[in-house]
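Encoded as structure tokens, the structure appears first; notes follow it.
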Amino acid sequence: MRAEQTLRFLPLSDGKQPLFMWVVIPFFKLFRDPLVAGRMVSVLSGLGTMVGISLLSYLLFKNKKVSLLAAFFYVISPFTFFFDRLSLADSMLSMFGIWTFIFSYLAIRYKRWDLAMLSGFTLGGAWLTKSPALFFALMIPSLWLFVNWDKTLKKNFFIFIKILALWLVTVFIGYGFYNILRLGPNFHLIASRNMDYVYPLNHFLVSFFDPLKTFLLASARWIVAMGPWPLLIAAILGFIFNYKKHKKAVLVLLVWFLAPVLIQSEFAKTFTARYIFFSIPYLIILSSSVVAAKFNKWGNVAICGLLSVFVIVSGIFNYYLLTDPAKAKLPRSERSGYLEEWTAGHGIRETANFLIEEQAAHPEEKIVIGTEGYFGTLPDGLQIYLNRYPEITAIGVGLTFDTVPPPLIDAKAFGDRTYLLVNASRFSGNAAYLGLMKVKEFPKALKPNGTHDSLLLFEVTNEALKNKVNLGKP
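Dropping the structure here:
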């Protein structure tokens, strides 16, 4: 995408919006490691979200303590600390969401068209990032609670027309941004790909509690584990004790946090913690609002104790995320996907470095490495490290292996130095018998049953050319 203009809309081929990739491209010029480049975009998006949370907290509660505490909560919460360090579009979606809220709130409060336009720009950015931006467009009318309505019906009618027009301007501009994607040849795949992840609208009539109940419980577990739990308690207390003085603020924050979680829990076919990540900022603001409530002496002591527990639990969690992620108390689904299974990227960068060193040591030879899979973690996760090295070719050659794939046999017969990179769980052959020599092994985190998967790097030897099984002979 960086080198070839015709690939600017390549993410559309998988039904994904491309803005995150577009923003990453300039960072490839700043950082040699493509993973660092992608993660820097997420980190900067997290910074934008933090600033937005601080500003929005002050706008809603007019309290500097709430504003500073909200920013602090966002920085140290393991939920945000974990996902804002990954190269995920969800961080950018969250940032655009909080700023869409801010500009929409100001536009409605002051009846200004320029602020409605700015809200449209941020909504458009969200729509160019991920499809859940639709939630932001639909939740903006909840901000009408902040309108200072008049006592006369006639004036209220004109006020309503004005704020409706402001909302329509925001949505029109945002949707206009989204329609830029029609310039790509695969725009239609966004809608079809979305249907791979969500049930049709009539699903709630057929099976209302499935998967609603399961996914709501999962969401609660994720927040309790990674919020961590004091954040949820503080949010509940903040809502209860601020309801009288800041009723509109806490109700709207509750809607922006809870509505996407409820709707996704009802209609999503698959559900992971990052799907609710863009809702977390509003939970954090609710949590920080607890310091705006009035308590007696012992109530203040209890709140200080709760916040101290939050800091301690978060600090321990984040320490392990930085030093040894396998020891962090990640929820089962997140630990499995990011640390234990084939989706974990352990060993990919190390494999790339090994191949680069081998190519430098033997510049006269070409290197061919076959990997499991055809796109995604492998081989794409390896190719991003090797695109500067034309003498090294990485290709996907299958999903499961009990023999050496024919493309690797052909490459070896042609005289290329040839390797196979595969997860142990996908390899069922006898390596020595097939003519494979194990070069490196990269263990993944332990599973609950005490076993672990590993990423295996094999070199295809000349013995593989003599093996009848590899050649497809009886």
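Going by my numbering, the first residue of the sequence shown is number 950, and it counts up by one from there. All C-beta atoms, glycine included, are put in the ideal place defined by N, C-alpha and C.
Would a C-beta distance cut-off of 8 Å place residue i and residue j closer than the cut-off?
i	j	result
Arg-1375	Thr-1410	no
Phe-1052	Ser-1068	yes
Ala-1360	Thr-1367	yes
Gln-966	Ile-1122	no
Gly-995	Ile-1047	no
Ile-1225	Val-1210	yes
Ala-1362	Leu-1414	yes
Leu-1042	Leu-1055	no
Leu-1094	Phe-1085	no
Phe-1259	Ser-1228	no
Ser-1006	Val-992	no
Glu-1321	Lys-1396	no
Gly-1384	Asn-1419	yes
Ile-1233	Ala-1019	yes
Phe-1214	Pro-1160	According to the sequence displayed, residue 1214 carries Ser and not Phe. Yes, the Cβ-Cβ distance between Ser-1214 and Pro-1160 is below 8 Å.
Ile-1185	Leu-1255	no
Lys-1162	Phe-1303	no
Pro-1090	Trp-1116	yes
Val-973	Leu-1092	no
Val-1353	Leu-1369	yes
Name the two residues that bound the continuous alpha helix (DSSP H) containing residue i.
i	result
Tyr-932	Past the boundaries of the shown model lies residue 932; the chain is included only from 950 to 1423, so the question cannot be answered.
Ala-1198	1196-1216
Tyr-1059	1038-1059
Ser-994	983-1010
Glu-1321	Glu-1321 -> not in any alpha helix (DSSP H); beta strand (DSSP E) instead, spanning 1316-1321.
Asn-1372	Looking at the DSSP string, Asn-1372 is not in any alpha helix (DSSP H); the run it does join, the beta strand (DSSP E), is 1366-1372.
With distances taken Cα to Cα, identify the nearest neighbour of residue i among the options.
i	options	result
Met-1175	Arg-1281, Asp-1329 and Ile-1108	Arg-1281
Trp-1291	Pro-1312, Gly-1347 and Asp-1402	Asp-1402
Arg-1025	Val-1118, Leu-1180, Met-989 and Pro-1149	Position check: residue 1025 holds Ile in this sequence, whereas Arg was assumed. The candidate whose alpha carbon is nearest that of Ile-1025 is Leu-1180.
Arg-1058	Phe-1244, Ser-1156 and Ala-1198	Ala-1198
Met-1088	Arg-1061, Phe-1022, Ala-1208 and Phe-1227	Ala-1208
Phe-1030	Arg-988, Lys-1011 and Met-1386	Arg-988
Pro-1230	Val-1201, Leu-1113, Asn-1398 and Tyr-1023	Tyr-1023
Val-990	Phe-976, Ser-1003 and Met-999	Phe-976
Met-1066	Thr-1119, Leu-1008, Leu-956 and Asn-1012	Thr-1119
Gly-1248	Pro-1355, Gly-1187 and Asn-1105	Gly-1187
Beta-carbon within less than 8 Å of residue i's beta-carbon, same chain only, minus the 5 sequence neighbours each way: which residues are those?
i	result
Arg-1298	Asp-982, Leu-984 and Tyr-1334
Ser-1080	Gln-966, Ile-1139 and Asn-1143
Gly-1286	Thr-1221, Thr-1292 and Ala-1293
Can you give me the Cβ contacts of residue i inside the same chain, cut-off strictly under 6 Å, excluding the 5 residues immediately before and after it?
i	result
Trp-1171	Ala-1222 and Pro-1280
Pro-1424	Not covered by the structure: residue 1424. The range shown for the chain is 950 to 1423.
Ala-1242	Phe-1190 and Asn-1191
Ala-1082	Ala-1075 and Trp-1076
Phe-1109	none
Phe-1070	none
Val-1250	none
In chain order, what residues of the same chain have a beta carbon less than 7 Å from the beta carbon of residue i, not counting five sequence neighbours either side?
i	result
Ala-1301	Leu-1331, Tyr-1334 and Leu-1335
Ser-1257	none
Ile-1338	It is Tyr, not Ile, that sits at residue 1338 in the sequence shown. Once the five neighbours on either side are set aside, the close Cβ partners of Tyr-1338 are Ile-1305 and Gln-1308.
At a Cβ threshold of 8 Å, is residue i touching chain D?
i	result
Leu-1092	Included in the structure is just one protein chain, with no chain D present.
Can you round the beta-carbon distance between residue i and residue j to whole angstroms, since I take them to be within the 8 Å contact cut?
i	j	result
Ile-1341	Gly-1319	Actually they do not touch by this definition, with Cβ atoms about 12 Å apart.
Ala-1424	Val-1317	A question about residue 1424 goes unanswered here, because the residues of the chain that appear run from 950 up to 1423.
Gly-1133	Leu-961	5 Å
Ala-1075	Thr-1101	With a Cβ gap of about 37 Å, Ala-1075 and Thr-1101 do not count as contacting.
Phe-1010	Ser-1238	6 Å
Ala-1277	Phe-1266	6 Å
Ala-1038	Phe-969	4 Å
Ser-1040	Phe-1032	6 Å
Can you tell me whether residue i sits near the ligand NAD, meaning its C-beta is under 7 Å from at least one heavy atom of the ligand?
i	result
Arg-1142	Among the components of this structure there are no ligands whatsoever, and the ligand NAD is therefore not found.
Start and end of the beta strand (DSSP E) containing residue i?
i	result
Tyr-1287	Run containing Tyr-1287: none; DSSP gives neither H nor E here.
Tyr-1224	Element bounds for Tyr-1224: n/a, residue is neither H nor E.
Asn-1151	Where Asn-1151 is concerned, there is no enclosing beta strand (DSSP E), given that its DSSP letter is neither H nor E.
Leu-1385	1385-1392
Val-1120	Unbroken run through Val-1120 is the alpha helix (DSSP H), 1102-1127; no beta strand (DSSP E).
Gly-1345	1341-1347
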